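K.L.:
Residue numbers (the working numbering): 29 to 444.
Every residue gets a Cβ at the ideal spot worked out from N, C-alpha and C, and that includes glycine.
These figures come from a predicted structure and were not determined experimentally.
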């Protein structure tokens, strides 16, 4: 490979790594503005939660649309550039919602959320196959290293935004959103200047219906659904768990749930991305799933705060490889698959991300109501909210526990 080709490949990787950072920024920025938005516009908690739900469903819609059209029409570069423009435009609309929609600022917040979520959905579908198309003898490590920029982005955005809100006050939320919009604008020009590697040509592409005849394909989809549920449930509920079960302050709980968890996830992905070329990826995923299930069970059952919180933190390390590892294994199993494979993986993974946290909340509410009605059957010596969350985490342990045999079944690609 000549020097100019290596430089071109490095440029593609840099743009993709920054795009993964942007995806983390778009997903995690809105919850940081919940308190300022509630104070300024008088929004309810349901309205705030609805913004996150809209974000999720907009990404899901884009994932499914891309499954049908991207491979057929060869729109990889235009849509990659569009993803950056949509992310930047959505953040700008979100920031200036009170001026664009003076009669109903919340409508402007929804509009901005839909726009930047469309950009995020495109990123989720396009960036992994682009990295997979870059010539390399360490494709699995490259894929996991790409996904390391998600927790890097999450930690950076949370830390920088929290600091800016502390220094400039809650009313500065709009200026902070505008400042973050600069990042996708910069990467937009990066993708325009960069020559993307060719993906699988339409005439050579393995069709989705062909892949669907194999057992491996369905195991991969089920596996990433369970991986998404295991990862996001632990990430989203750890802070509430620490506050409710052990009475810790929100600052300490957020530091564990949003901070140290993401740091451990970052460490796991960076380690494999930098040093994992010769590591047995599937075996690591099986161990990671089993240890994640153990962390869930420890959080549900341990009476000792230090032990339970250590399980929260280590869970970030053990869960770190699951999502990108399944994407990497699937790409290796179907080397002639196009964008549709990655889009379906993203759609199933996002489904797990939505269902997992919801199921924990549903379980916690149900157990809490049962205890208040005198129908306790587990953790009867605890307060209803504490018993509910512990039971929810015990149920959530089934996600990684079920993932382990799925991964064991992904030994090779065989027809059903």
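Do you know offhand how far residue 156's Cα is from residue 411's?
P.N.:
Sequence index remark: in the chain shown, residue 156 carries index 128 (1-based). Sequence index remark: in the chain shown, residue 411 carries index 383 (1-based). The straight-line gap from Cα to Cα measures roughly 45 Å.
K.L.:
Do residue 219 and residue 112 have their C-beta atoms within less than 8 Å of each other?
P.N.:
Working through the chain shown from its first residue, we reach residue 219 at position 191. Working through the chain shown from its first residue, we reach residue 112 at position 84. Yes; because the gap between Cβ atoms is below 8 Å, this pair is in contact.
K.L.:
Would DSSP call residue 240 helix, strand or coil?
P.N.:
Locating residue 240 in the chain shown gives position 212, where the first residue counts as 1. In this structure, residue 240 counts as coil in the three-state DSSP scheme.
K.L.:
Does DSSP put residue 334 in a helix, a strand or coil?
P.N.:
As a first step, residue 334 is located in the chain shown; it is residue number 306 there, counting from the start. Helix.
K.L.:
Residue 422 to residue 59, Cα distance in whole Å?
P.N.:
Residue numbering aside, residue 422 sits at position 394 when the chain shown is read from its first letter. Residue numbering aside, residue 59 sits at position 31 when the chain shown is read from its first letter. Their Cα atoms are separated by approximately 26 Å.
K.L.:
Taking contact to mean 3 or more Cβ pairs, one atom from each stretch, closer than 8 Å, check whether the region 126-144 and the region 316-328 are in contact.
P.N.:
Contact between the region 126-144 and the region 316-328 is absent, because fewer than three Cβ pairs lie under 8 Å.
K.L.:
Could you compute how far the alpha carbon of residue 154 sits from the alpha carbon of residue 104?
P.N.:
For the purposes of this step, residue 154 is taken as residue 126 along the chain shown, with counting starting at 1. For the purposes of this step, residue 104 is taken as residue 76 along the chain shown, with counting starting at 1. Distance between the alpha carbons of residue 154 and residue 104 is about 7 Å.
K.L.:
Rounded to the nearest angstrom, what separates residue 383 and residue 87 at their Cα positions?
P.N.:
Taking the first residue of the chain shown as position 1, residue 383 is located at position 355. Taking the first residue of the chain shown as position 1, residue 87 is located at position 59. Rounded to the nearest angstrom, the two C-alpha atoms are 15 Å apart.
K.L.:
In this structure, does DSSP put residue 425 in helix, strand or coil?
P.N.:
As a first step, residue 425 is located in the chain shown; it is residue number 397 there, counting from the start. Looking at residue 425 - three-state DSSP - the assignment turns out to be coil, as it is neither helix nor strand.
K.L.:
Which partner residues of residue 168 appear in the DSSP bridge assignment?
P.N.:
As a working mapping, residue 168 is identified with position 140 in the chain shown. According to DSSP, residue 168 bridges with nothing at all.
K.L.:
Can you grab the Cα-Cα spacing for the pair residue 354 / residue 252, in whole Å?
P.N.:
As a working note, residue 354 is residue 326 in the chain shown. As a working note, residue 252 is residue 224 in the chain shown. Cα to Cα, residue 354 sits roughly 6 Å from residue 252.
K.L.:
Among 306, 204, 168 and 150, whose alpha-carbon lies nearest the alpha-carbon of residue 375?
P.N.:
Position 347 of the chain shown, counted from the first residue, corresponds to residue 375. Minimum Cα distance to residue 375 is reached at 150.
K.L.:
For residue 300, which residues in the same chain have their Cβ closer than 7 Å to its Cβ, ignoring the five residues on either side in sequence?
P.N.:
On the chain shown, residue 300 is found 272 positions in, with the first residue counted as 1. 169, 172, 307 and 349, listed in sequence order.
K.L.:
Have a look at 215, 371, 131 and 244 and flag the residue whose alpha-carbon is nearest the alpha-carbon of residue 114.
P.N.:
Looking up residue 114 in the chain shown gives position 86. Ranking 215, 371, 131 and 244 by Cα distance to residue 114 puts 215 first.
K.L.:
Between residue 84 and the rest of its own chain, which residues show a CB-CB distance below 6 Å, the 5 nearest in sequence each way excluded?
P.N.:
Stepping through the chain shown from its first residue, residue 84 is reached at position 56. Closer than 6 Å at Cβ, skipping near neighbours: 382.
K.L.:
In three-state DSSP terms, what is residue 32?
P.N.:
Translated into positions along the chain shown, residue 32 becomes position 4. Residue 32: helix per DSSP, three-state reduction.
K.L.:
When burial is assigned at 16 or more other CB atoms within 10 Å of the CB, is residue 217 buried or exposed?
P.N.:
The residue labelled residue 217 in the question sits at position 189 within the chain shown. Looking at its Cβ environment, which holds fewer than 16 other Cβ atoms inside 10 Å, residue 217 is exposed.
K.L.:
Name the two residues that bound the continuous alpha helix (DSSP H) containing residue 105.
P.N.:
Position 77 of the chain shown holds residue 105. Note, residue 105: alpha helix (DSSP H), 104-123.
K.L.:
How far does the alpha helix (DSSP H) with residue 451 in it reach, from first residue to last?
P.N.:
The structure shown does not extend to residue 451, since the chain is modelled only from 29 through 444, so no value can be given for it.
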